[in-house]
Amino acid sequence: MTTGATISLSLISHTNAGKTTLARTLLAQSVGEVRDAAHVTVATTAYPLIDTPQGDQLVLWDTPGFGDSVRLVKRLRQHGNPIGWFMSQVWDRFSDQTFWLNQLAVRNTREQADVVLYLVNAAEEPDDAGYLAPELSVLEWIGKPVIVLLNQTGARRPREDEARDEARWRSLLQQWPQVKAVLSLDAFARCWVQEFALFDSVDAVLGAAQRGPFARLSLAWRERRMAQFSQAMRALAVPLARAACDQEAMPPTSMRERAMRMTGLARGRQGGAQGRAMAAMASRLEAGLQESMQQLIAIHGLEGKAASEVVEQVARDVQVDAPVDESKAALVGGAMSGALSGVAADLATGGLSLGAGMLTGAVLGAFGGAGLARGFNTLRHKSQTVIRWDPAFLQQQVSGAVLRYLAVAHYGRGRGEWQQRIYPEFWHALAVKTVADHVHALDEVWELREGPPDALVDALVPLLDDMARAALDSLYPGALQQAESPTH
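To convert, note that position 292 of the sequence shown is 292 in the working numbering; the numbers rise steadily by one, no gaps.
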């Protein structure tokens, strides 16, 4: 019978560097206390990260942050003599409790940790961090392998910029033999695929007896994350499929009314119907996107609510250059003249308002002043005319889905409840390129729109899976291949 093993990772850093914030992100739980102050964490606490059916357990220890590390090194080196014991266990305990707790945490780490995860503030220049050398001396005294995690890296940047930072820190720390790896893992903006690199680095420094149990733990972690990924792809696919299948029937018109409209003599009745149809479709799209976003938030272990600004930001930020057959759109005249009942077209800003507080303006305005013409198609069936979303508009919504996924996948729980933020500029180009590379496959999917939405969802999920993987692989080359091919 296989006996389970416990493997312990200890989070250590200078005080107020983000240990508890990172613990919250990895655990997807609001553990500990997070405040912008020194010595918020005052006790060493163990949290289970993952376990296996064989009884293996991976434990994450959150520890008090280092304060006076210069004095701490001196005290630790006195640990073996009677005077040092008295100063630590008696004098410090009553005269300087914070300092005593630091000593206690370090000794616990020395006794219990298998690997030390040392967070550093990457926003600082390494040469300016005066605490770095004495804290590394403390880690040397602990005597366990150290993986340095670059925290507080700021806004998301292209991968090559992050790689340069990692190389700079790696070069600086090479004089410390206990440092085995340097990785970017920001508590606020890490992506889950970066955790796989962390697990691989831990695996590389464990002893032979621990590698079997850790391989099982690592596989369980990867399976958990990939299951979340699959759930997220379906959550993204559902509103897109519903939008593709959505349509509104237009009231029948007589030959006389059509002739008068062609000459510009009559627009009101049909224009009002078109406006109401577009408003109804845009409202349904808005509701679907918000429901999808709420599901993404829950899937990733976050809290908070998807706000209407999700769709507004996508409408502002995502623009796809795609040829559109203008002859398909029978709404140009009404849109450009502003004659649609209840619709005010603001061509100066490219916006469109369809009622107080509605998000429809953001959805329809994404194509600029000609948004109505390009966002909708009209199709004449045997018995009626219907309006539905144009494939180019749907393609734009897929770009928005990729962006929304990247935003949630990078959101650290330590920030608190989910809040929409401005997407990094280079993500926009990445999302558009990713969708453009799959445009022909998308066209084939949109051809299924005459059938039930569920069939279209099933066709969209693997395509969205491919696109999200392509985007993640561009940001973190090889990380997903590691997820699917663990080292053991």
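Quick reminder that beta carbons are idealized off the backbone N, C-alpha and C, glycines included. Because the structure is a prediction, the values reported are computed rather than measured.
(1) Assuming Trp169 is part of the alpha helix (DSSP H), what are its boundary residues?
(2) By how many angstroms is the C-alpha of His410 removed from the C-alpha of Val457?
(3) Determine the direct distance from the alpha carbon of Asp114 to that of Ala241, and round the result to whole angstroms.
(4) Apart from the five residues on each side of it in sequence, which residues of its chain come closer than 6 Å, Cβ to Cβ, to Ser5?
(5) Could you check whether Ala471 and Ala506 sit closer than 8 Å to each other, using their CB atoms as the reference points?
(6) Put Phe229 into one of helix, strand or coil per three-state DSSP.
(7) Would you say Pro134 and Leu172 are within 8 Å of each other, going by their C-beta atoms?
(8) Going by DSSP in three states, Lys57 sits in which element: helix, strand or coil?
(9) How long is the line joining the alpha carbons of Gly351 and Ile422, rounded to whole angstroms?
(10) Measuring alpha carbon to alpha carbon, tell me which residue in Ala46, Val179, Ala105 and Cys191 is nearest Gln228.
(11) Measuring straight from C-alpha to C-alpha, what distance separates Trp141 and Arg107?
(12) Given 8 Å as the limit, is there contact between the segment 206-224 and the segment 172-185, that is, 3 or more CB pairs closer than that?
(13) Roughly how many angstroms lie between the CA atoms of Pro453 and Glu447, to the nearest whole one?
(14) Cβ atoms of Met233 and Leu464: under 8 Å apart, would you say?
(15) Here's a check: name, in chain order, each residue in its chain whose Cβ is nearer than 8 Å to the Cβ of Asp165, leaving out the five neighbours to either side.
(16) Just to confirm, are Ile147 and Ala189 a CB contact at a threshold of 8 Å?
(17) By Cβ distance, which residues of its chain are closer than 7 Å to Ala277, with the 5 residues on each side in sequence left out?
(18) Within this structure, are the beta carbons of Ser13 and Val120 separated by less than 8 Å?
Considering the structure as presented:
(1) Working through the sequence shown from its first residue, we reach residue 169 at position 169. Where Trp169 is concerned, the enclosing alpha helix (DSSP H) stretches over Arg159 to Leu173.
(2) To locate residue 457, count along the sequence shown from 1; it is residue 457. To locate residue 410, count along the sequence shown from 1; it is residue 410. Taking C-alpha positions only, Val457 is separated from His410 by approximately 25 Å.
(3) Translated into the one-based positions of the sequence shown, residue 241 becomes position 241. Translated into the one-based positions of the sequence shown, residue 114 becomes position 114. Roughly 48 Å between the two C-alpha positions.
(4) Indexing the sequence shown from 1 puts residue 5 at position 5. The displayed chain sequence assigns Ala, not Ser, to residue 5. So the qualifying residues of the chain are Asp56 and Pro213.
(5) Here the chain comprises residues numbered 1 to 488, so residue 506 is not present and cannot be evaluated.
(6) Numbered from 1 along the sequence shown, position 229 holds the residue referred to as residue 229. Three-state DSSP puts Phe229 in a helix.
(7) In the sequence shown, counting from the first residue as 1, residue 134 sits at position 134. In the sequence shown, counting from the first residue as 1, residue 172 sits at position 172. Cβ atoms of Pro134 and Leu172: not closer than 8 Å.
(8) Locating residue 57 in the sequence shown gives position 57, where the first residue counts as 1. According to the sequence displayed, residue 57 carries Gln and not Lys. Here Gln57 sits in strand by DSSP.
(9) Taking the first residue of the sequence shown as position 1, residue 351 is located at position 351. Taking the first residue of the sequence shown as position 1, residue 422 is located at position 422. A caution first: Gly351 carries a pLDDT of 30, below 50, which makes its placement in the model unreliable, though a value can still be read off. Counting only the Cα atoms, Ile422 lies some 20 Å from Gly351.
(10) Translated into positions along the sequence shown, residue 228 becomes position 228. For Gln228, the closest of Ala46, Val179, Ala105 and Cys191 by C-alpha to C-alpha distance is Cys191.
(11) Within the sequence shown, the letter at position 141 stands for residue 141. Within the sequence shown, the letter at position 107 stands for residue 107. Spanning the two alpha carbons is a distance of roughly 10 Å.
(12) Using a Cβ-Cβ distance cut-off of 8 Å, the segment 206-224 and the segment 172-185 are not in contact, since fewer than three pairs of beta carbons, one from each stretch, lie closer than that value.
(13) Locating residue 453 in the sequence shown gives position 453, where the first residue counts as 1. Locating residue 447 in the sequence shown gives position 447, where the first residue counts as 1. Each residue's alpha carbon lies about 12 Å from the other.
(14) Along the sequence shown, read from residue 1 onward, the residue named residue 464 stands at position 464. Along the sequence shown, read from residue 1 onward, the residue named residue 233 stands at position 233. Yes, they are a contact pair.
(15) On the sequence shown, position 165 is the one that residue 165 refers to. Cβ within range, chain order: Ala122, Leu150, Thr153 and Ser184.
(16) Here residue 147 corresponds to residue number 147 of the sequence shown, with the count starting at 1. Here residue 189 corresponds to residue number 189 of the sequence shown, with the count starting at 1. Taking 8 Å as the cut-off, the beta carbon of Ile147 is found no closer than this to the beta carbon of Ala189.
(17) Stepping through the sequence shown from its first residue, residue 277 is reached at position 277. Answer for Ala277: Glu248, Met250 and Ile387, listed in chain order.
(18) Indexing the sequence shown from 1 puts residue 13 at position 13. Indexing the sequence shown from 1 puts residue 120 at position 120. Their beta carbons are under 8 Å apart, which means Ser13 touches Val120 by this criterion.
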